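A short write-up of the structure that comes next.
Residue numbers (our numbering), protein chains in the order written: chain A, 1 to 377; chain B, 1 to 340.
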């Protein structure tokens, strides 16, 4: 590899200085990786601020508003963590698949199918409304994970068997999952003609902080629920799978060097299906946690695009499960406060800018860029 | 009653959206750059076309601005993937997020806008207004419309952009397969090192064809908001058609003519889904979709399910015939580095 590999010709020819770009041979230190990510987010916030100002908003007020709503009070903080809960789980779902360079863009659909399957336990009903929560919650969790895994199996199988591009299949399955969900809430489980199922019995609710309000007064009205604990545990499990298990070693090797993995005899096709299913199961669990912990019924708009935000979260966290938690909390804040921001597209736009800046910043972790005075050749 | 002619006619019209987007993506992918940002670029195009047309009253200007806006957006993807050699999948996704977000922010409140001057339907009266050629074109259009079967489907009551599609497909095919720039395009996508050694700038051509893809995605967006289903309905304006276009590229095996058939078939499917729920009788039997309106949700799944099926067919064909995908698709080109 030559020394000035990636310099665009245009820059070299016309400017009195040149940018010298050299690959970093020793790999990237974790510190540098964190700094570039933070820098990328900062640049994204500045760019987002400029765009907000251009459309007539006040960027400082907007950002201050986000911070204040999300972290300004105990209620705000727990609301933020509640919002972060599904994000952690879908972020983990994406991180696990992306680690194998398997582009699961279908977490949104897997979320919906997971929510649907968990609802089925209550609404068919598979368990009587009087069943113990210790039976209900695990049954719904298993149903949600099975639902998500089934939805992940389809693109996984198609890729393993027919080499079908999983980006497009997972995306198409998102639309199908939403239509499927709509069919059930409109036609089968509708409550009095409304587009939502009846309220679930309390035995199927994940415990909430506000349940303790009788003992601790400050907990009154707090929305944080047991799903947050589930999400934290899931992060630990995913970290263990990726970094301490043989399976995780296979996943990482396939992701980094599929040829080497093939020569080492690692079953790539089987792992494509398995990882897709595991990823789907995590997203399905997010769906379960959301309807059992927050919504308490199946309805149409249970996700404001969690599955897509999960993609950005996984990328921003550099696919590290623990970093996914932190990034999810920040994005939870953005989503929470975003509901009140006008124009309503701003959170989505900021997410897009963050992702673009992040991808661009990756360049600096792979290459060293030096500015040098142009010398006559 | 289900009217096959009406369905096909509407199918060709709404398929024109997919046609432009798919062929745009074919250009980009033929040069070796996969751009998954089509959906975002189409939304930018649809929003800016509608917005500009409302404020200026000039739909032609709306189309131009839409193409330029989407083209500009595509250059972010070009910079990230060609210059910075980022992963094309992630960058394309980022582009969709960005395009969606920006179009939602700028399009806020647009949907409440009133009627707008739309792109015209091609009719003899309209054609006669064109200086010099007008009379001849009007006569030609009347002759074409008189063709049995094809006349009503292709040439009657169609928007000017639909006609644009008819002209564009053979031009795109000819450009790619029969001209020197087309040869360079294919070389850059199949064997960039060889193209580079012959003095063809891989970087510049890839930037250019990603831009072309952006222009056409913008045109596809403008086709929606100014012709096929006029208006701005936030993300629902495109409803995933950008992704269907990306899928169609594989089905089309990177060939504009196959892309055309795929696009029109999908357009017809969209119309069929709407029409099939109307009549009480279907093939002499009680129409289940009329009596169970909620089955419509399963009909809604069809275009997306068909995209998956079409992908499976396309991928199997590509594997079997060992043809289709440009060899260097998705691979950044670094001069002097081993590889393709």
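Idealized CB from N, CA, C, for every residue including glycine.
Only a predicted model underlies this, so the values are computations on that prediction, with no experimental measurement involved.
With a threshold of 7 angstroms on Cβ separation, who are the neighbours of residue 80 (chain A) within its own chain once the five nearest residues in sequence on each side are excluded? 70, 71, 329, 332, 333 and 336
Where the alpha helix (DSSP H) through residue 121 (chain A) begins and ends: 107-123
Comparing C-alpha positions only, which one of B:121, B:188, B:134 and B:186 sits nearest to residue 156 (chain B)? B:121
8 angstroms is my cut-off, CB to CB: does residue 64 (chain A) come that close to chain B? no
Would you say residue 254 (chain B) faces chain A, with C-beta separation under 8 angstroms as the test? no
Continuous beta strand (DSSP E) stretch holding residue 372 (chain A): start and end: 367-373
Hey, which unbroken runs of the alpha helix (DSSP H) at 4 residues or more fall wholly within the region 156-235 of chain A? 166-183
To the nearest whole angstrom, what separates the beta carbons of residue 276 (chain A) and residue 153 (chain A), a pair I think is in contact under 8 angstroms? 7 angstroms
Under 8 angstroms by beta carbon: chain B residues contacting residue 344 (chain A): 104 and 108
So with CB distances below 8 angstroms, who are the chain B contacts of residue 351 (chain A)? 97 and 101
Cβ closer than 7 angstroms: which chain A residues qualify as neighbours of residue 238 (chain B)? Those do not exist, as residue 238 (chain B) stays about 12 angstroms from chain A at its closest Cβ, beyond 7 angstroms.
Is there at least one Cβ from chain A nearer than 8 angstroms to residue 325 (chain B)'s Cβ? no
Does the distance from the CB of residue 307 (chain A) to the CB of residue 206 (chain A) come in under 8 angstroms? no
Residues of chain A with a CB under 8 angstroms from the CB of residue 243 (chain B): which are they? 168, 171 and 172
Contact belief for residue 315 (chain B) with residue 250 (chain B) at Cβ below 8 angstroms, rounded distance in angstroms: 6 angstroms
Near-chain B residues of the region 255-276 of chain A (beta-carbon distance less than 8 angstroms), N- to C-terminal order: none
Going by DSSP in three states, residue 121 (chain B) sits in which element: helix, strand or coil? strand
Below 8 angstroms between beta carbons: does that hold for residue 252 (chain B) and residue 258 (chain B)? yes
Under the three-state reduction of DSSP, which class applies to residue 287 (chain B): helix, strand or coil? coil
Give every residue of the same chain whose Cβ lies closer than 6 angstroms to the Cβ of residue 370 (chain A), excluding the five residues on either side of it in the sequence, and list them in chain order. 20
From the DSSP output, read off the bridge partner residues of residue 23 (chain A). A:367
Interface positions of the region 230-250 of chain A facing chain B (Cβ-Cβ less than 9 angstroms), listed along the chain: none
Give, in chain order, every unbroken run of the alpha helix (DSSP H) that is at least 4 residues long and sits entirely within the region 258-346 of chain A. 258-263, 268-290, 306-316 and 321-338
Are the C-beta of residue 188 (chain B) and some C-beta of chain A separated by less than 8 angstroms? no
Are the CB atoms of residue 254 (chain B) and residue 50 (chain B) within a distance shorter than 8 angstroms? no
Nearest residue (CA-CA) to residue 361 (chain A), options A:344, A:349, A:315 and A:339: A:315
Limits of the alpha helix (DSSP H) - the one that residue 39 (chain B) falls within: 38-56
If we ignore side chains and look at the alpha-carbon of each, how far apart do residue 246 (chain A) and residue 179 (chain B) end up? 53 angstroms
Start-to-end residues for the alpha helix (DSSP H) that takes in residue 100 (chain B): 88-106
Take residue 271 (chain B) and list the residues in its own chain whose beta-carbon comes closer than 7 angstroms to its own, dropping the five residues that flank it on each side. 7, 10, 11 and 14
Name the two residues that bound the continuous alpha helix (DSSP H) containing residue 161 (chain B). 160-178
Minimum length 3: unbroken beta strand (DSSP E) runs contained in the region 268-315 of chain B: none
Examine chain B for any beta-carbon lying closer than 8 angstroms to the beta-carbon of residue 137 (chain A), and answer yes or no. no
Against residue 130 (chain B), what residues of chain A qualify as contacts under a CB-to-CB distance less than 7 angstroms, listed in chain order? Ordered by position in chain A, no residue passes the 7 angstroms Cβ test against residue 130 (chain B), which lies about 39 angstroms from the chain.
Rounded C-alpha distance that separates residue 29 (chain B) from residue 330 (chain B): 8 angstroms
Tell me which residues share the same chain as residue 303 (chain B) and place their Cβ nearer than 7 angstroms to its Cβ, disregarding the 5 neighbours each side in the sequence. 244, 266, 269 and 270
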